[in-house]
Amino acid sequence: MDASEAIALIEAARAPGDLFGGAARAVPGPGRPSGPDDGAAAARIYRRLARLTHPDARPGDARAAAAFARLATLWQGYGAAAAAGALVARGDLANLYRCGARGGGARGGWLHKVARDPADNDLMDREVAALGRLRRHAGPRLLAYFPELVRVQRVSDPASGAQRHGHVIAGLAGFASLAEVAAAFPGGVDPRDAAWMWRRLLVAIGAAHRAGLVHGAVLPEHVLIHPAAHGVVLIDWCYSGPAGAPLPAIVSRYRDWYPPEIAGRGPAGPDTDIWLAAACMTSLIGGLMPARLGAFARGCQVPGRRGRPADAWAVLADLDDLLGRLYGPRTFRPFAIPAGGARKENP
Numbered sequence: 013m014d015a016s017e018a019i020a021l022i023e024a025a026r027a028p029g030d031l032f033g034g035a036a037r038a039v040p041g042p043g044r045p046s047g048p049d050d051g052a053a054a055a056r057i058y059r060r061l062a063r064l065t066h067p068d069a070r071p072g073d074a075r076a077a078a079a080f081a082r083l084a085t086l087w088q089g090y091g092a093a094a095a096a097g098a099l100v101a102r103g104d105l106a107n108l109y110r111c112g113a114r115g116g117g118a119r120g121g122w123l124h125k126v127a128r129d130p131a132d133n134d135l136m137d138r139e140v141a142a143l144g145r146l147r148r149h150a151g152p153r154l155l156a157y158f159p160e161l162v163r164v165q166r167v168s169d170p171a172s173g174a175q176r177h178g179h180v181i182a183g184l185a186g187f188a189s190l191a192e193v194a195a196a197f198p199g200g201v202d203p204r205d206a207a208w209m210w211r212r213l214l215v216a217i218g219a220a221h222r223a224g225l226v227h228g229a230v231l232p233e234h235v236l237i238h239p240a241a242h243g244v245v246l247i248d249w250c251y252s253g254p255a256g257a258p259l260p261a262i263v264s265r266y267r268d269w270y271p272p273e274i275a276g277r278g279p280a281g282p283d284t285d286i287w288l289a290a291a292c293m294t295s296l297i298g299g300l301m302p303a304r305l306g307a308f309a310r311g312c313q314v315p316g317r318r319g320r321p322a323d324a325w326a327v328l329a330d331l332d333d334l335l336g337r338l339y340g341p342r343t344f345r346p347f348a349i350p351a352g353g354a355r356k357e358n359p
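Under the numbering used here, the residue at position 296 of the sequence shown is numbered 308, and the numbers go up by one with no gaps.
This is the structure in structure tokens:
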């Protein structure tokens, strides 16, 4: 395809779907959608058409400039359509909308995460930056511990023109948050079951720290588990940043969970995430916590930073050693969340 064909295609489009939906298959060559709503391929089409019609590529070409402007409008409309899908969840800062049939990752369909307030756009951008960094530095084996970023996709209010930042992420079918697990087991989760959750959470934290990131909000709603597959995914990277910098924000309802220096706007570090992970597990296990495991958790939450562990991999090794002494060699324990709500007793 050359520039003239790209211009004609854009001029003929009457709606976003004409370029990025099923009719986008009229775009010849590699990168065209493999199906009528393949969002990743649609993004590749947008970039290809943008390269061909960009004013820098066609200086002085008024028709190309008009096509480029129309392309931007159509692409924005394509993005806004995702936000018009079914509301799936309300997070701390953003809403999650189902992206219809526009694709899906290996673990579920796509979701459009959009800031509710433009004032939080910078936090949404932090998540995009963090997920990109994790993809580059975490290594293929550890990527399963993090959400999959599909593309950046912002939304503009038709009336005010205010832009809310957002992005599309792959869904996580079959996962539940630790908050949901705790609600299903009000008496506490058996520590032998919580063990694999804690171990995998430390792996996720360790991989993030190795990539140069502090998550900053390792809290029950942000830790997802897959009960059957024993998977863990650490979500919501809006509060993340480099070690040594203050967190950009905290989740106010969990203010008392954070280490004392964080409330004073002190710098966050790997020890911050380890502290919060221990808080999650202490809350999850509740009254079923064995004394030695409880002492281990408290050791991750020493008030003074000098005495607090800051190496997640070392903490994992110590946890494995303690679990071995408490329960013997690791064995797979099937785990399920009751479908009928809270479970009155543990196995």
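Idealized CB from N, CA, C, for every residue including glycine.
The Cβ neighbour count for S252, taken over all protein chains shown within 10 Å, is at least 16; the residue is labelled buried.
Annotation note: the stretch 169-216 contains the following uninterrupted beta strand (DSSP E) runs of length 3 or greater, listed N- to C-terminal: 178-182. Closest option to P258, judged by alpha-carbon separation, among A275, D268, H242, G243: A275. With 16 or more other CB atoms across the displayed protein chains lying within 10 angstroms of its CB, G228 is buried. Look at the stretch 98-153 and you find these whole runs of beta strand (DSSP E), each 3 residues long or longer: 99-102, 106-110, 120-127. Per DSSP, the unbroken beta strand (DSSP E) holding I237 starts and ends at 235-238. In the DSSP assignment, V164 falls outside any alpha helix (DSSP H) and lies within the beta strand (DSSP E) extending over 161-164. Between A324 and I286, the beta carbon gap of about 6 Å places them in contact (Cβ cut-off 8 Å). Pairing G281 with A255, the inter-Cα distance amounts to about 5 Å. In the structure shown, the three-state DSSP call for G336 is helix. Taking S168 as the centre and dropping the five residues before and after it, the same chain places the C-beta of Q88, A92, A174, Q175, R176 closer than 8 Å to its C-beta, in chain order. One thing to note: A289 has its Cβ within 8 Å of the Cβ of V230. Under a 10 Å Cβ-count criterion, R265 is classified as exposed, with fewer than 16 other Cβ atoms of the shown protein chains found around its own Cβ.
For R59, the closest C-alpha among the options D248, P321, I22, R147 is that of I22.
In its chain, beyond the 5 residues on either side, Y157, F158, A219, A220, R222, A223 have a beta carbon closer than 8 Å to the beta carbon of A150. When the five nearest sequence neighbours on each side are left out, the beta carbons in the same chain lying within less than 7 Å of the beta carbon of V100 are those of L108, Y109, R110, L123, in order along the chain. With fewer than 16 other Cβ atoms from the protein chains shown falling within 10 Å of its own Cβ, G336 counts as exposed.
V226 is bridged by DSSP to G253.
DSSP lists H238 as the beta-bridge partner residues of G243. If you look at T343, you'll find it isn't in any alpha helix (DSSP H); DSSP assigns it neither H nor E.
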